[in-house]
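Student: Counting in our numbering, the sequence shown runs from 16 upward without gaps.
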Amino acid sequence: MHVTVHWFVEPATSILTRIGTVTAPVQLSVNGIETKSSDEQFEALMSGTTDAAVTAMDNVMDWNLRPGAGDLRIVAQIERTTPLSLVGTAATTDVRSLKDGTVLVDASANGFVVAARALLDECGLDSGSYTLKPAGGVRERCETLLAGGGDATLLGPPFDGMAVARGARVLARVNDHYPALPGQGLVVRQSSYDRVRAHVVAWLAAMEHARAWAQTNKNAAVVRLAATGIPGPLAETLISFIPSSLVPDRDGIALLIAQRQRAGLRGGNVNYSDLVDSDLLESVASSLEPNR
Numbered sequence: 016m017h018v019t020v021h022w023f024v025e026p027a028t029s030i031l032t033r034i035g036t037v038t039a040p041v042q043l044s045v046n047g048i049e050t051k052s053s054d055e056q057f058e059a060l061m062s063g064t065t066d067a068a069v070t071a072m073d074n075v076m077d078w079n080l081r082p083g084a085g086d087l088r089i090v091a092q093i094e095r096t097t098p099l100s101l102v103g104t105a106a107t108t109d110v111r112s113l114k115d116g117t118v119l120v121d122a123s124a125n126g127f128v129v130a131a132r133a134l135l136d137e138c139g140l141d142s143g144s145y146t147l148k149p150a151g152g153v154r155e156r157c158e159t160l161l162a163g164g165g166d167a168t169l170l171g172p173p174f175d176g177m178a179v180a181r182g183a184r185v186l187a188r189v190n191d192h193y194p195a196l197p198g199q200g201l202v203v204r205q206s207s208y209d210r211v212r213a214h215v216v217a218w219l220a221a222m223e224h225a226r227a228w229a230q231t232n233k234n235a236a237v238v239r240l241a242a243t244g245i246p247g248p249l250a251e252t253l254i255s256f257i258p259s260s261l262v263p264d265r266d267g268i269a270l271l272i273a274q275r276q277r278a279g280l281r282g283g284n285v286n287y288s289d290l291v292d293s294d295l296l297e298s299v300a301s302s303l304e305p306n307r
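1) For Asn-306, which residues in the same chain have their Cβ closer than 7 Å to its Cβ, ignoring the five residues on either side in sequence?
2) Please report the straight-line C-alpha distance between Thr-117 and Arg-33, rounded to a whole angstrom.
3) Do the stretch 182-192 and the stretch 95-102 touch if we need at least three Cβ pairs shorter than 8 Å?
4) Beta-carbon within less than 8 Å of Val-299's beta-carbon, same chain only, minus the 5 sequence neighbours each way: which residues are those?
5) Leaving out the 5 sequence neighbours to the left and right, which residues in its chain are closer than 8 Å to Val-18 when beta-carbon positions are compared?
6) Does Val-90 come out as helix, strand or coil in the three-state DSSP assignment?
7) Of all the options Lys-148, Leu-113, Ala-122 and Leu-135, which has the alpha carbon lying nearest to the alpha carbon of Tyr-193?
8) Using the Cβ count rule (16 or more neighbours within 10 Å means buried), how would you classify Ala-131?
9) Could you check which residue in Val-41, Asp-73, Met-72 and Trp-78 has the C-alpha nearest to that of Asp-54?
10) State the DSSP-derived secondary structure class of Pro-82, mapped to helix, strand or coil.
11) Going by DSSP, what residue range makes up the beta strand (DSSP E) through Pro-248?
12) I need the straight-line Cα distance from Arg-111 to Asp-166, nearest angstrom please.
13) Quick one: which unbroken alpha helix (DSSP H) runs of 4-plus residues sit fully inside the stretch 162-191? Chain order, please.
14) Near Ala-241, which residues of its chain fall below 8 Å by C-beta distance, leaving aside the five closest residues on each side in sequence?
15) Got a sec, what are the start and stop residues for the alpha helix (DSSP H) Ala-278 sits in?
16) Quick check: the Cα distance between Val-120 and Gly-171, rounded to an integer number of angstroms?
17) If you drop the 5 nearest sequence neighbours on each side, which residues of the same chain put their C-beta closer than 6 Å to that of Tyr-287?
18) On the criterion of 16 or more Cβ atoms from any shown chain inside 10 Å, does Leu-253 qualify as buried, or is it exposed?
19) Under three-state DSSP, which class holds Lys-233?
20) By Cβ distance, which residues of its chain are closer than 6 Å to Ser-52, with the 5 residues on each side in sequence left out?
21) So is Met-16 buried or exposed if we call it buried at 16+ other beta carbons inside 10 Å?
22) Quick check on Asn-234: buried or exposed, where buried means 16 or more other Cβ atoms within 10 Å of its Cβ?
23) Report yes if the CB atom of Thr-50 is closer than 8 Å to the CB atom of Gln-56, and no otherwise.
24) Going by the CB atoms, is the gap between Ile-93 and Leu-201 shorter than 8 Å?
25) As a quick exercise: from Gly-182, Ile-30, Met-177 and Val-203, pick the residue whose alpha carbon is nearest that of Ser-62.
26) In chain order, which beta strand (DSSP E) runs of at least 3 residues are fully inside the stretch 101-126?
27) Let me confirm a value: Ala-178 is counted as buried when at least 16 other C-beta atoms fall within 10 Å, else exposed. Which label applies?
28) Buried or exposed for Gly-198, please, with buried defined as at least 16 other CB atoms from any protein chain shown within 10 angstroms of its CB.
29) Let me check understanding here. Comparing Cα to Cα, which of Gly-182, Gly-139, Asp-191 and Tyr-145 lies closest to Thr-163?
30) On the premise that Leu-113 lies in contact with Tyr-145, defined as a C-beta separation below 8 Å, what is that separation, rounded to the nearest angstrom?
31) For Glu-155, which residues from the same chain have a beta carbon less than 7 Å from its beta carbon, with the 5 sequence-adjacent residues on both sides left out?
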């Protein structure tokens, strides 16, 4: 069985599954493709060249308003939260120093940038006091920032640490301001369910096994991740952000909707059931029941 997934960075639960930490319910091959942008993920979902995407859950609110879309749904939450830092060049002293500056983003109107806009607004910078410059995925943004192509950007592990090691500085941590910020979700087109259900459900079931194991064997999970070459402190961070459930968190989704509404961006007139479809997770639960 084979599943194709677009992601920015492979999730910890997927890594644990891939290295055989727990026995998967079925034999599964995962073709993980490191994407360069959320727009690339959207195009892959729409064209059917990917079965699913691990992405910021806010993206669905914007994507479903694009031509030909409308049936993209969050089917699972892969991370409890995504640790995000607003990282600036050595010349930036604090968040307020970004006035009239350039903030590098994946996209200007969807994704984690919405949380960044809320943070900047909270620090006294309205949307007209800085420029948002699309610069690709997290790897691309990190490289562009370090090359002097912007003043700041949002970065998560390991790229935030890599940037700081090369002279950049952390201006703010998004999660300190918004503790309920949810991590990335798994997004699938409802119209593709007939084609992708079996292998997406199999992957989710494998990750549920890994998630449950890591929750009760955290030290061992850190050791397993570190054995793949991930530095120990980063492995510990990644394990700490494994969710207590793959079910998308209602409070987290409510925060995303509120932040989008606050920013005046389209797509915010939705509720939890407009964004989340529990169908595939229900199939996972059924597959894991005894005597099935």
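Beta carbons: idealized from backbone N, C-alpha and C, even for Gly.
Please read these numbers as outputs of a predicted model, since none were measured by experiment.
Tutor: Well, looking at it:
1) As a position in the sequence shown, residue 306 is number 291, starting the count at 1. The predicted model places Asn-306 with a pLDDT of 48, which falls under 50 and marks its position as unreliable; any figure quoted below should be read in that light. Excluding sequence neighbours, Asn-306 sits near nothing in its chain.
2) On the sequence shown, position 102 is the one that residue 117 refers to. On the sequence shown, position 18 is the one that residue 33 refers to. Those two C-alpha atoms are separated by around 39 Å.
3) yes
4) The residue you call residue 299 lines up with position 284 of the sequence shown. Counting only Cβ-Cβ distances below 8 Å, and skipping sequence neighbours, we find Val-216, Leu-219, Ala-220, Glu-223 and Leu-261.
5) Taking the sequence shown and counting its residues from 1, one reaches residue 18 at position 3. These residues qualify, in order along the chain: Leu-43, Ser-44, Val-45, Asn-46, Asp-66, Ala-67, Val-211, His-214, Val-215, Ala-217 and Trp-218.
6) Along the sequence shown, one-based indexing puts residue 90 at 75. Looking at Val-90 - three-state DSSP - the assignment turns out to be strand.
7) Position 178 of the sequence shown, counted from the start, is the residue given in the question as residue 193. Comparing Cα positions, the closest option is Leu-135.
8) One-based indexing of the sequence shown puts residue 131 at position 116. Burial call: buried.
9) Within the sequence shown, numbered from 1, the residue matching residue 54 stands at position 39. Of Val-41, Asp-73, Met-72 and Trp-78, the residue nearest in Cα terms is Trp-78.
10) Position 67 of the sequence shown, counted from the first residue, corresponds to residue 82. Three-state result, Pro-82: coil.
11) Along the sequence shown, one-based indexing puts residue 248 at 233. That residue, Pro-248, is in no beta strand (DSSP E); its alpha helix (DSSP H) goes 247-255.
12) Indexing the sequence shown from 1 puts residue 111 at position 96. Indexing the sequence shown from 1 puts residue 166 at position 151. C-alpha separation (whole angstroms): 12 Å.
13) 174-180
14) As a working mapping, residue 241 is identified with position 226 in the sequence shown. Correct list, in chain order: Gly-247 and Ala-250.
15) Here residue 278 is taken as the residue at index 263 of the sequence shown, counted from 1. Per DSSP, Ala-278 belongs to the alpha helix (DSSP H) from 265-278.
16) Numbered from 1 along the sequence shown, position 105 holds the residue referred to as residue 120. Numbered from 1 along the sequence shown, position 156 holds the residue referred to as residue 171. Computed Cα separation, rounded: 13 Å.
17) Here the question's residue 287 lines up with position 272 in the sequence shown. Excluding sequence neighbours, Tyr-287 sits near Arg-265 and Ile-268.
18) Position 238 of the sequence shown, counting from 1, holds the residue named residue 253. Buried, by the Cβ-count rule.
19) Residue numbering aside, residue 233 sits at position 218 when the sequence shown is read from its first letter. Note: Lys-233 maps to helix in three-state DSSP.
20) For the purposes of this step, residue 52 is identified with residue 37 of the sequence shown, where counting begins at 1. Excluding positions up to five away in sequence, the list reads Asp-121, Gly-151 and Gly-152.
21) For this step, residue 16 is matched to residue 1 along the sequence shown. That one is exposed.
22) Position 219 of the sequence shown, counting from 1, holds the residue named residue 234. Under this definition Asn-234 is an exposed residue.
23) For this step, residue 50 is matched to residue 35 along the sequence shown. For this step, residue 56 is matched to residue 41 along the sequence shown. A contact, by the Cβ cut-off of 8 Å.
24) What you label residue 201 is simply residue 186 of the sequence shown in a count that begins at 1. What you label residue 93 is simply residue 78 of the sequence shown in a count that begins at 1. Contact flag set, yes.
25) The residue given as residue 62 occupies position 47 in the sequence shown. The candidate whose alpha carbon is nearest that of Ser-62 is Val-203.
26) 117-120
27) As a working note, residue 178 is residue 163 in the sequence shown. That one is buried.
28) Locating residue 198 in the sequence shown gives position 183, counting from the first residue. Looking at its Cβ environment, which holds 16 or more other Cβ atoms inside 10 Å, Gly-198 is buried.
29) One-based indexing of the sequence shown puts residue 163 at position 148. The displayed chain sequence assigns Gly, not Thr, to residue 163. Looking at the Cα atoms, Gly-182 is the closest of the given residues.
30) Taking the first residue of the sequence shown as position 1, residue 145 is located at position 130. Taking the first residue of the sequence shown as position 1, residue 113 is located at position 98. At roughly 5 Å, the Cβ-Cβ gap stays under 8 Å, so Tyr-145 and Leu-113 are in contact.
31) In the sequence shown, the residue the question calls residue 155 occupies position 140. These residues qualify, in order along the chain: Lys-51.
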